[in-house]
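K.L.:
Sharing a structure here in structure tokens format.
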Amino acid sequence: MTIQRVTILASLGICVVPGRAWAQESMTLPVSPKLKEVAPDIADAVLTIDRAVELALKLSKDLAAARENLAQAQGSTGISRSALGIKTSAGVTATRQNQTQVVNLGDQSLVTQPQYGGQLTATVQVPIDLSGVLKAAVTQAQYQELSAQIDLKRVQNDIVFNVKNAFYGVLRNQSLLEVAQSDLQNAVDRLSDANLRVAAGTVAKYDVISAEADVATAQNALSQRKTNVSIALSALKSTIGLAFDERLKVSTTGAVATPKSASSTILLPSPTRLVDVVAVKPKEEQKTTIVSDPLQINESDFSSLLSEALKNRPEILREEASIAAAKRGIMLARQSLLPTTSLGYSHNYNPNPSGLGGQKQSGQITFSLNLPVTDGGQARARLQSANAQVSLAENNKRIQIDVVTLEVRQTILNIEQSQEQVVATSQAVIRAEEAFNLARLRYSAGVTRQAGVSPLIEFGEAQRSLAQAKADYVNALYDFNIYNTALDRALGKNASLRK
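In my numbering, the protein residues as written are 86 to 584.
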């Protein structure tokens, strides 16, 4: 087995035994926690939208990774700061010679080197940062730490939006499921009534066939709505970080907001008179089409919201910290051409000094200055790289400003459009309910608006229109809530929540 294959297998967690067939070790896969394990206080496992956000901030793997990145950046800052600190050391040295060294001076013998010896050393060193390189390294690390802190806020901002979006997805699909259940019940009621009328001989068999088709269609729609609710719940559990087999329930408490009718007005065009329509002449074919923006927003409100977003969005604050860190890197790039200095003191203790002028204790102060002459172009290359990093960081900031500006503007337009949709669809539901009730009365009376059209068919069309109107209102209502949640994310409000 080659070394490369051994390395790959080891990286995959596979045990390799020389001379024997390799086998994969048993691995324990990480399992997402149950709701009762992380939130035992929640009765019957019913979640509100605020509790869902709280749990997601607690269980999110992305947020945990961002915290680890911050801890790593804090460690790097500590390492850089330690270069400016006082360093002390102590040492012990023991020696043994093959024999004692003796010098004979006439009748006397003088020991110059004992056979056994030892030495104790204590050293204190204080760095002198004349060039400012060490301080620049600390400042750069601090800005990188700040960037990691802001990125943690960015992840939190996104998590809150994703959880609320998934939560609204569950509520939306549940509301559509209720619409489908009501539609199926109406279809079953029509089929039952049609069977009674066929038995009485008052309507044709075709009415029963038509009602049966509507029941089958409603059954299929109900089945799809149930599937959508299940999928939405799975997506919510995944976003929060809960186990997929969790029997999760969600509540609309504090989640759904309805726009005021007065806050949204729908401008309708003036009706065209029939005489004007007849008098209109055919227009010549136009070769050029000019498209202008049909929607207008309050620029004052937009500027205010954009200022708030540019001030709070973690992505922009992160790029500003990256720019500051990159600028400090220019100082570090010149390091190889800057002088280095240090000041040190060492104290030695020798219990067995030599006979010729040996001392038991001695001290030494050392000052060193190193002036580099050439570095082979290293400083120039580093400076070029540092300047490029500054330019890249500034360009990234401009990109993020454009992204945030577009996101805020689109979200404002979506909110205004969704407000009008809620008002329009709510009015459509009222009209559809009136039409449905009138169709039911005509069907009971055996009459229809159009000659030759079965009252049951007209009744069925009114029922389908009512179901569609209700579904449109549900979609408009939850679009409005999701867009408001998106605006909070666009403004960076979620980043300031307590973790």
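The beta carbon of each residue, even a glycine, is placed where N, CA and C say it ideally should be. Values in this document were obtained by computation on a predicted structure and should not be read as measured data.
Rank Thr208, Leu391, Lys146 by C-alpha distance to the C-alpha of Leu572 and give the top, closest one.
P.N.:
Position 487 of the sequence shown holds residue 572. Considering only alpha carbons, the answer is Leu391.
K.L.:
Which stretch, first to last residue, makes up the beta strand (DSSP E) that contains Ile450?
P.N.:
Residue numbering aside, residue 450 sits at position 365 when the sequence shown is read from its first letter. Segment 446-455, the beta strand (DSSP E) holding Ile450.
K.L.:
Taking the C-alpha atoms as reference points, what is the distance between Ala284 and Glu546?
P.N.:
Sequence index remark: in the sequence shown, residue 284 carries index 199 (1-based). Sequence index remark: in the sequence shown, residue 546 carries index 461 (1-based). Answer to the nearest angstrom: the Cα atoms are 23 Å apart.
K.L.:
Take Gln553 as the anchor and find which of Glu518, Val240, Val248 has the nearest alpha-carbon.
P.N.:
On the sequence shown, residue 553 is found 468 positions in, with the first residue counted as 1. Taking only the C-alpha atoms, the option nearest Gln553 is Glu518.
K.L.:
Is the stretch 392-407 close to the stretch 223-237, with three or more CB pairs under 8 Å?
P.N.:
The stretch 392-407, when compared against the stretch 223-237, does touch it at the 8 Å Cβ threshold.
K.L.:
What residue range is occupied by the uninterrupted alpha helix (DSSP H) comprising Arg181?
P.N.:
Here residue 181 refers to the residue found at position 96 of the sequence shown. Element bounds for Arg181: not the alpha helix (DSSP H) but the beta strand (DSSP E), 172-181.
K.L.:
So, using beta-carbon positions, are Ala141 and Gly429 closer together than 9 Å?
P.N.:
The residue labelled residue 141 in the question sits at position 56 within the sequence shown. The residue labelled residue 429 in the question sits at position 344 within the sequence shown. Contact: no.
K.L.:
Assuming Ala524 and Glu543 are in contact, meaning their beta carbons sit under 8 Å apart, how far apart are those beta carbons, in whole angstroms?
P.N.:
Your numbering for residue 524 matches position 439 in the sequence shown. Your numbering for residue 543 matches position 458 in the sequence shown. Contact holds; Cβ gap of about 5 Å.
K.L.:
Distance, Cα to Cα, Ala150 vs Gln204?
P.N.:
If you number the sequence shown from 1, residue 150 lands on position 65. If you number the sequence shown from 1, residue 204 lands on position 119. Between Ala150 and Gln204, the C-alpha separation is close to 49 Å.
K.L.:
Give the secondary structure of Ser260 by DSSP, where H, G and I count as helix, E and B as strand, and everything else as coil.
P.N.:
Numbered from 1 along the sequence shown, position 175 holds the residue referred to as residue 260. The answer is helix: DSSP assigns Ser260 an H, G or I state.
K.L.:
Buried or exposed for Lys249, going by 16 or more other Cβ atoms inside 10 Å?
P.N.:
Taking the sequence shown and counting its residues from 1, one reaches residue 249 at position 164. It counts as buried.
K.L.:
So, are the CB atoms of Leu454 and Thr425 less than 9 Å apart?
P.N.:
As a working mapping, residue 454 is identified with position 369 in the sequence shown. As a working mapping, residue 425 is identified with position 340 in the sequence shown. Yes. Within cutoff.
K.L.:
How far does the beta strand (DSSP E) with Val138 in it reach, from first residue to last?
P.N.:
By one-based count along the sequence shown, residue 138 stands at place 53. No beta strand (DSSP E) holds Val138; the alpha helix (DSSP H) holding it covers 134-144.
K.L.:
Quick test of your reading: Val264 and Lys555, contact by CB under 8 Å. State the CB separation rounded to the nearest angstrom.
P.N.:
By 1-based counting over the sequence shown, the position of residue 264 is 179. By 1-based counting over the sequence shown, the position of residue 555 is 470. The Cβ separation is near 5 Å, so the contact holds.
K.L.:
Alpha carbons only, please: which of Arg494, Lys334, Thr451, Phe565 is nearest the one belonging to Gln506?
P.N.:
By one-based count along the sequence shown, residue 506 stands at place 421. Per the Cα distances, Phe565.
K.L.:
Three-state secondary structure (DSSP) at Val335?
P.N.:
Here residue 335 corresponds to residue number 250 of the sequence shown, with the count starting at 1. Strand at Val335.
K.L.:
Report all residues from its chain with a CB closer than 8 Å to the CB of Ser267; omit the five preceding and five following residues, and keep chain order.
P.N.:
For the purposes of this step, residue 267 is identified with residue 182 of the sequence shown, where counting begins at 1. Taken in chain order, the residues that qualify are Ala552, Lys555.
K.L.:
Return the CA-CA distance between Asn472 and Thr343, expressed in angstroms with no decimal places.
P.N.:
In the sequence shown, the residue the question calls residue 472 occupies position 387. In the sequence shown, the residue the question calls residue 343 occupies position 258. Near 52 Å, if we compare the C-alpha coordinates of Thr343 and Asn472.
K.L.:
Apart from the five residues on each side of it in sequence, which residues of its chain come closer than 7 Å, Cβ to Cβ, to Val273?
P.N.:
In the sequence shown, counting from the first residue as 1, residue 273 sits at position 188. So the qualifying residues of the chain are Val300.
K.L.:
On a CA-only basis, which of Ala179, Ile244, Thr173 is nearest Pro212? Give me that one, please.
P.N.:
Working through the sequence shown from its first residue, we reach residue 212 at position 127. Looking at the Cα atoms, Thr173 is the closest of the given residues.
K.L.:
Leaving out five residues before and five after Leu468 in sequence, what residues of the same chain have Cβ atoms less than 7 Å from its Cβ?
P.N.:
As a working mapping, residue 468 is identified with position 383 in the sequence shown. Taken in chain order, the residues that qualify are Ile415, Ala418, Arg419.
K.L.:
Is any heavy atom in the ligand ATP found nearer than 8 Å to the beta carbon of Thr173?
P.N.:
This structure does not include the ligand ATP; it has no bound ligands of any sort.
K.L.:
When you compare only the Cα positions, how much space is there between Asn183 and His432?
P.N.:
On the sequence shown, residue 183 is found 98 positions in, with the first residue counted as 1. On the sequence shown, residue 432 is found 347 positions in, with the first residue counted as 1. Between Asn183 and His432, the C-alpha separation is close to 28 Å.
K.L.:
Let me make sure I understand the geometry here. Which of Ala530, Val475, Ala394 has the alpha-carbon closest to that of Ala575?
P.N.:
Taking the sequence shown and counting its residues from 1, the one referred to as residue 575 is at position 490. Ranking Ala530, Val475, Ala394 by Cα distance to Ala575 puts Ala394 first.
K.L.:
Taking C-alpha atoms, which residue in Gln241, Gln309, Ala410 lies nearest to Leu261?
P.N.:
Taking the sequence shown and counting its residues from 1, the one referred to as residue 261 is at position 176. Out of Gln241, Gln309, Ala410, Gln309 has the C-alpha closest to the C-alpha of Leu261.
K.L.:
If you reduce the DSSP assignment to three classes, tell me which class Leu205 lands in.
P.N.:
Start at 1 with the first residue of the sequence shown, and residue 205 comes out as number 120. Residue state, collapsed to three classes: strand.
K.L.:
Would you say Thr510 and Phe246 are within 9 Å of each other, going by their C-beta atoms?
P.N.:
By one-based count along the sequence shown, residue 510 stands at place 425. By one-based count along the sequence shown, residue 246 stands at place 161. No, Cβ-Cβ distance for Thr510 and Phe246 is not below 9 Å.
K.L.:
Once you ignore the five residues that flank Pro399 on each side, which residues in its own chain have a CB closer than 7 Å to its CB?
P.N.:
For the purposes of this step, residue 399 is taken as the residue at position 314 of the sequence shown. Hits under 7 Å: Ile235, Asp236, Lys238, Arg239, Asn242, Gly577, Ala580.
K.L.:
Rounded to whole angstroms, what's the CA-CA distance from Leu423 to Asn499? Just pull it up for me.
P.N.:
As a position in the sequence shown, residue 423 is number 338, starting the count at 1. As a position in the sequence shown, residue 499 is number 414, starting the count at 1. So the two alpha carbons sit approximately 57 Å from each other.
K.L.:
For Leu231, which residues of its own chain have a beta-carbon under 7 Å away from its beta-carbon, when the five flanking residues on both sides are left out?
P.N.:
To locate residue 231, count along the sequence shown from 1; it is residue 146. Hits under 7 Å: Ala406.
K.L.:
To the nearest whole angstrom, what separates the beta carbons of Leu321 and Phe252, a pair I think is in contact under 8 Å?
P.N.:
Here residue 321 refers to the residue found at position 236 when the sequence shown is read from its first residue. Here residue 252 refers to the residue found at position 167 when the sequence shown is read from its first residue. Their Cβ separation, rounded to whole angstroms, is 6 Å, which keeps Leu321 and Phe252 in contact under 8 Å.
K.L.:
For Ser539, which residues of its own chain have a beta-carbon under 6 Å away from its beta-carbon, when the five flanking residues on both sides are left out?
P.N.:
Counted from its first residue, the sequence shown places residue 539 at position 454. The residues are Asp292.
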